[in-house]
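Input: a single structure, listed below in structure tokens.
Residue numbers (the numbering used here), protein chains in the order written: chain A, 14 to 455; chain B, 14 to 455.
What follows is the structure, encoded as structure tokens:
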């Protein structure tokens, strides 16, 4: 691997202590506990269970301190000892440390008191939480000697893999369903990867990629590199804990696609407790799905401990996974933390996007609209206490799914460049607003 | 003003020292030096020159230290003593502290050695440098008692004003030219402001807004609040100096629209020297324009010290200002720093967008494409030394100007969800790539 890595300028802390280099020790099956070396493996050879990265937590406890983390880079790499890479120069394009915004205006509208938005709609470089997992996966891919990287994606992952591969100088081939939003396709092609548009849904794309992973020597970030990749999502737990002043929230609401994100936020919180960075606390985990693809919400409602696959049909394409790999783990977490899993329809999703934009100035994509609509539904049903410190995770940017809101946000008032033309339009706007307001009262 | 302000969670440093509250002392005319109180004024009553904020630099020198800044919020507000607000709770939605990326792959492609990209394509909340100026302007607007805010915009400013006004609970009415890119219109409407689409170019929009500012009691961020607003751009100078390890670069390349950004980066560097945060150094300032709207580049080439207005006709709409308010100041800075001002055509702009995406994984809008294309032109003409530490300012995100690249970035390869369909497509892709490569050699 002669490829020189470019890295972000972090004037404060370029040095890394050698003792952080080996805090992860290998892979272990989540089902049967069989252990494996830290290679490009993702399925247990014995029981076909998913593999997860193991850490040496006693070493970790000695290595990490709040002060050391705070002095680290302004990116996910401030938590490097908790991430499964060995490189001295992980790929750092500024990913992570997105704002945790106190959402007072949205909270008032919903009737709760302590609401925060974790805003990955402005994550770097490609405006979704996927930049976290891809930064970790591609760093590990380079360590394992891969020169071509790939993924099965509902859009955001393709954007992120293509962009970060371009920066790192890796060859890239991504797979997407053929019916994705225009912004997500263009936002992938611009980085010049090879793009395969598969005529089928995400679950079919995913199955095809599993076959390709077996026949080509490529690093699929969410298949053969999945154990490393998914660890990147823990940083969404770490950052919230740090940004709340080194404490855990009472309740979190996050979207559910494969279910992986949900489980990794949970793991992130638990690891911080385990190494003594935050105090132990019962955090409730609630999940959000779109009605058009809600296999986990259905299982939750029906009290099942298994997830029955569905055929997706929703505008929330980025979370439209009908056969979620980590669905049962998400179910388990929601139940044991006294949380909930709810689904909302496409109209509610669009209303959720508008509500967040109008109250907080954050423009999210359909997945974020799903989260906000479910947050609202949970509050209205009394399933979120008004006093709970609640964090809603916004995972992607609305500029990528413009189709979803086009036609329901009105049009500009067209005027001539003259004062009287403006005054007439302003009168019209005020009349319309008054009508709107009267209709709201009715 | 009963509106409670929401602010970002900054666990480390919520406290503010009282001595930082009064470092700006009023306004002064850039032309005749007449002084004014710090109100909503932008033009000198005596000579019609532009007004600028004055600071007490001797107090500033005592108040600011590198350490204090580094311990501040991860946003533009870490430089609060250099910004013209008095509030204890400025509007902080995470704006600023965007990555300064060492662009080794782009540098190699261009044949230079020390290139950095200051990446405001991922600025928060609306993905352009305008979030900096609007955060300052709306904080000041609230201090001055405005309840409705407004702007004349080429797109990015409208996005930013609408979003941050929504977050702060201010009424908002924005003015844009009627022919803007779809993403910029939608990315404004989503926040529910009143949007006036003016049938004319930006210069006509701007003139109309000057009239409206006189007849309505609104705070126009870039008209009656312009002296405060424009100071926000200094943070693009401050951050680069801090991120380079508290030193100035040798050369910067930035886009020129009104010319204000250029002048404020210059002012930012000079203020850091003045208060002793960095050592004095000759920094070369080069500016980028689109050929379809290049009044400043034309004046530079012809050796004029005045700017002749033009009618804009370019895909780089966000910098299409035919009558640039600060054009003469930009000319002066480029000349006295031994810099250059160049223009590139629309084809070169699109190539610039693609080049940055392919080499660095950054997707910028047309203004950023202009900057990269001019950077390339300057290197090829020997006007940037390969050894100079050069910073190119990327000011906005490509997802807002998708029209500009649609049709020139290829299409995905459509396949069935079957291994043999994929293999055939991959062969096709490799053949095409080989052909591409052979054509490049010819």
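Ideal Cβ positions, reconstructed from N, Cα and C, are used throughout, including at glycine.
DSSP three-state call for residue i: helix, strand or coil?
| i | result |
| --- | --- |
| residue 40 of chain A | strand |
| residue 266 of chain A | strand |
| residue 75 of chain B | helix |
| residue 159 of chain A | coil |
| residue 419 of chain A | coil |
| residue 299 of chain B | strand |
| residue 319 of chain B | coil |
| residue 494 of chain B | There is simply no residue 494 of chain B to check, as chain B begins at 14 and stops at 455 in what is shown. |
| residue 54 of chain B | coil |
| residue 113 of chain A | strand |
| residue 324 of chain A | coil |
| residue 456 of chain B | Outside the displayed span of chain B (14 to 455) sits residue 456 of chain B, for which this structure offers no information. |
| residue 139 of chain B | coil |
Out of the options, point me to the one whose CA is closest to residue i's CA.
| i | options | result |
| --- | --- | --- |
| residue 424 of chain A | A:442, A:409, A:437 and A:411 | A:442 |
| residue 191 of chain B | B:184, B:178 and B:211 | B:211 |
| residue 87 of chain A | A:76, A:105 and A:97 | A:105 |
| residue 180 of chain B | A:373, A:431 and A:238 | A:373 |
| residue 67 of chain A | A:46, A:185 and A:197 | A:46 |
| residue 140 of chain A | A:239, A:115, A:177 and A:309 | A:177 |
| residue 342 of chain B | B:40, B:36, B:119 and B:44 | B:44 |
| residue 89 of chain A | A:347, A:247 and A:288 | A:247 |
| residue 50 of chain A | A:65, A:171 and A:61 | A:65 |
| residue 102 of chain B | B:117, B:142, B:77 and B:149 | B:149 |
| residue 96 of chain A | A:117, A:231 and A:277 | A:277 |
| residue 309 of chain A | A:333, A:344 and A:284 | A:344 |
| residue 57 of chain A | A:39, A:316 and A:317 | A:39 |
| residue 415 of chain A | A:432, A:382 and A:395 | A:382 |
| residue 155 of chain B | B:118, B:241 and B:433 | B:241 |
| residue 282 of chain B | B:271, B:41, B:251 and B:304 | B:251 |
| residue 327 of chain B | B:138, B:215 and B:94 | B:215 |
| residue 391 of chain B | B:412, B:355, B:419 and B:378 | B:355 |
| residue 222 of chain A | A:201, A:117, A:124 and A:166 | A:166 |
| residue 200 of chain A | B:41, B:61 and B:417 | B:417 |
Examine chain B for any beta-carbon lying closer than 8 Å to the beta-carbon of residue i, and answer yes or no.
| i | result |
| --- | --- |
| residue 112 of chain A | yes |
| residue 118 of chain A | yes |
| residue 442 of chain A | yes |
| residue 67 of chain A | no |
| residue 261 of chain A | no |
| residue 205 of chain A | yes |
| residue 376 of chain A | yes |
| residue 221 of chain A | yes |
| residue 438 of chain A | yes |
| residue 224 of chain A | yes |
| residue 467 of chain A | The structure shown does not extend to residue 467 of chain A, since chain A is modelled only from 14 to 455, so the question has no answer here. |
| residue 236 of chain A | no |
| residue 363 of chain A | no |
| residue 311 of chain A | no |
For residue i and chain A, any beta-carbon pair shorter than 8 Å?
| i | result |
| --- | --- |
| residue 78 of chain B | no |
| residue 417 of chain B | no |
| residue 435 of chain B | yes |
| residue 429 of chain B | yes |
| residue 82 of chain B | no |
| residue 412 of chain B | yes |
| residue 394 of chain B | no |
Between which residues of its own chain and residue i is the CB-CB distance below 7 Å, once the five residues before and five after are set aside?
| i | result |
| --- | --- |
| residue 385 of chain B | 365, 368, 369 and 405 |
| residue 438 of chain B | 426 and 428 |
If you drop the 5 nearest sequence neighbours on each side, which residues of the same chain put their C-beta closer than 6 Å to that of residue i?
| i | result |
| --- | --- |
| residue 297 of chain A | 264, 350, 351 and 352 |
| residue 402 of chain A | 127, 262 and 263 |
| residue 6 of chain B | The requested residue 6 of chain B is not part of the displayed model; chain B covers only 14 to 455. |
| residue 273 of chain B | 243 and 339 |
| residue 380 of chain B | 268, 329, 331, 332, 408 and 409 |
Tell me whether residue i counts as near the ligand NAD, meaning its Cβ is closer than 7 Å to at least one heavy atom of that ligand.
| i | result |
| --- | --- |
| residue 141 of chain A | Ligands are entirely absent from the displayed structure, and the ligand NAD is therefore not among its contents. |
Considering only residues of the same chain and omitting the five flanking positions on each side of residue i, which have a CB-CB separation below 8 Å?
| i | result |
| --- | --- |
| residue 74 of chain A | 287, 288 and 289 |
| residue 15 of chain A | With a pLDDT of 30 at residue 15 of chain A, under the threshold of 50, the modelled position of this residue cannot be trusted, and the question is left open. |
| residue 228 of chain A | none |
**OP:** Below 9 Å between beta carbons is the criterion; list the residues of the segment 122-150 of chain A that meet it against any residue of chain B, in chain order.
**Re:** 129, 132, 134, 135, 136, 137, 138, 139 and 140
Original post:
If contact means a Cβ-Cβ distance below 9 Å, which residues of the segment 93-107 of chain B contact chain A?
Top reply: 105, 106 and 107
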